[in-house]
Amino acid sequence: MLVLSRKVGESVVIGDEVTVTILEVRGDIVRVGIDAPRSVAVHRAELLEQLETSNREAASPSEDAVASLSEALKQRPE
Amino acid sequence: MTATMTDLPVIDLVHPLPGFPDQRRFALVQLDEDGVLCQLRSLDDPDLRFLVMPPVAFFPEYAPEVGDDVVADLQIDSAEDVIVLLVLNAGESLTTTTANLMAPVLINTATMRASQVILDDPTLSIAAPLVA
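Protein chains in written order, with the working numbering: chain A, 1 to 78; chain B, 1001 to 1132.
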């Protein structure tokens, strides 16, 4: 991992199109501005981890679970 | 986004589902006559499938807004070509079954390109109960 020290207002350029700027440091919170083309997806890491976990939990439910959910959906009040 | 629900034999994920980097081709299959419960089945791994549903039955107000990047990725010309699906986490009953509102799967039925889109809206739950 490359480690750099930056001050507020300073930036790091990644490749040709991505610029990360330190906007504010207050206590243990660092506000970061990211300037990237729309084709580059920028997500908070914990959000992606949450989604991975959720997808893994959702994957390949048992036949029983599918059958009981299917039955419950049929019987739900309109 | 109001394309009619239908079976789709081959869908290409332009980005893999987070957690499943190797599966890109799926089929959409309806599991009931109403098109409420459906599954996305991997064409590469027969054991992998996800239960999904269109939001209308349980989340009629749900209307995700997506950015130009998604429109470009899926090559969307018309919102009417797009099917929105919520990934379900099946519980024992409706009350313990949750839907992922934060990251719906969008399918462009005109191009068969799809992706799971992370919406930039902190009010959307990743595990919303189907019934309160």
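Here a beta-carbon is modelled for each residue, glycine too, at the ideal position from N, C-alpha and C.
In chain A, what lies closer than 7 Å to residue i by C-beta?
| i | result |
| --- | --- |
| L1103(B) | First, the amino acid is wrong: residue 1103(B) is Ala here, not Leu. The contacting residues are L51. |
| T1097(B) | L69 |
| E1092(B) | S68 |
Give me the chain A residues within the contact set of residue i, using Cβ-Cβ distance strictly less than 9 Å, ordered along the chain.
| i | result |
| --- | --- |
| G1067(B) | R38 |
| N1100(B) | L51, S54, N55, A58 |
Taking the Cβ atom as the reference point for each residue, do residue i and residue j lie within a distance shorter than 9 Å?
| i | j | result |
| --- | --- | --- |
| L1048(B) | S60(A) | yes |
| L51(A) | P1054(B) | no |
| F1059(B) | A1110(B) | no |
| L1101(B) | I1126(B) | yes |
| V988(B) | R76(A) | Lying before the first or after the last residue shown, residue 988(B) is absent from chain B, which here runs from 1001 to 1132. |
| L1037(B) | L1031(B) | yes |
Near residue i, what residues of its chain come up, given a Cβ to Cβ distance below 6 Å and the 5 sequence neighbours on each side ignored?
| i | result |
| --- | --- |
| V1164(B) | The structure shown does not extend to residue 1164(B), since chain B spans only 1001 to 1132, so no value can be given for it. |
| P1009(B) | A1027 |
Closest to residue i by CA distance: which of the options is it?
| i | options | result |
| --- | --- | --- |
| A65(A) | E1061(B), A1063(B), P1046(B), N1089(B) | N1089(B) |
| R1024(B) | E1061(B), E1092(B), D1044(B) | D1044(B) |
| D35(A) | S54(A), I22(A), I29(A) | I22(A) |
| R56(A) | F1026(B), T1123(B), V1087(B) | V1087(B) |
| E1013(B) | L1124(B), P1122(B), A1114(B) | Contrary to the premise, residue 1013(B) reads as Leu rather than Glu in this sequence. Taking only the C-alpha atoms, the option nearest L1013(B) is A1114(B). |
| E1033(B) | V1052(B), P1016(B), V1056(B), T1006(B) | T1006(B) |
| I14(A) | V25(A), K7(A), L2(A) | L2(A) |
| A67(A) | L1124(B), F1020(B), G1091(B) | G1091(B) |
| D1120(B) | I1011(B), D1069(B), D1081(B) | D1069(B) |
| P1122(B) | A1057(B), P1064(B), P1016(B), P1021(B) | P1064(B) |
| A58(A) | A1003(B), T1004(B), F1020(B), L1124(B) | F1020(B) |
For residue i, return the contacting residues in chain A, with the cut-off set at a CB-CB distance below 8 Å.
| i | result |
| --- | --- |
| E1061(B) | Those within 8 Å of E1061(B) in chain A number zero; the least Cβ separation is about 17 Å. |
Listing by chain order, which chain B residues have their CB less than 8 Å from the CB of residue i?
| i | result |
| --- | --- |
| A59(A) | G1019, F1020, L1048, R1049, F1050 |
| L2(A) | Those do not exist, as L2(A) stays about 24 Å from chain B at its closest Cβ, beyond 8 Å. |
Leaving out the 5 sequence neighbours to the left and right, which residues in its chain are closer than 7 Å to residue i when beta-carbon positions are compared?
| i | result |
| --- | --- |
| R1041(B) | F1026, A1027, V1029, R1049 |
| S11(A) | T19, V20, T21 |
In chain order, what residues of the same chain have a beta carbon less than 8 Å from the beta carbon of residue i, not counting five sequence neighbours either side?
| i | result |
| --- | --- |
| Q1039(B) | L1028, V1029, L1031, R1049, F1050, L1051, V1052 |
Give me the chain B residues within the contact set of residue i, using Cβ-Cβ distance strictly less than 7 Å, ordered along the chain.
| i | result |
| --- | --- |
| A65(A) | A1090 |
Please determine whether the Cβ atom of residue i lies at a distance below 8 Å from any heavy atom of the ligand GTP.
| i | result |
| --- | --- |
| I1118(B) | Summarising the ligand content, the structure contains no ligands, and the ligand GTP is consequently not present. |
| query | Counting Cβ pairs, one atom from each stretch, are 3 or more of them under 8 Å apart for the region 1064–1074 of chain B and the region 1089–1096 of chain B? | reply | no
**Message:** I'd like to know if the region 32–43 of chain A and the region 1104–1113 of chain B are in contact, where contact means that at least 3 CB-CB pairs between them fall below 8 Å.
**Reply:** no
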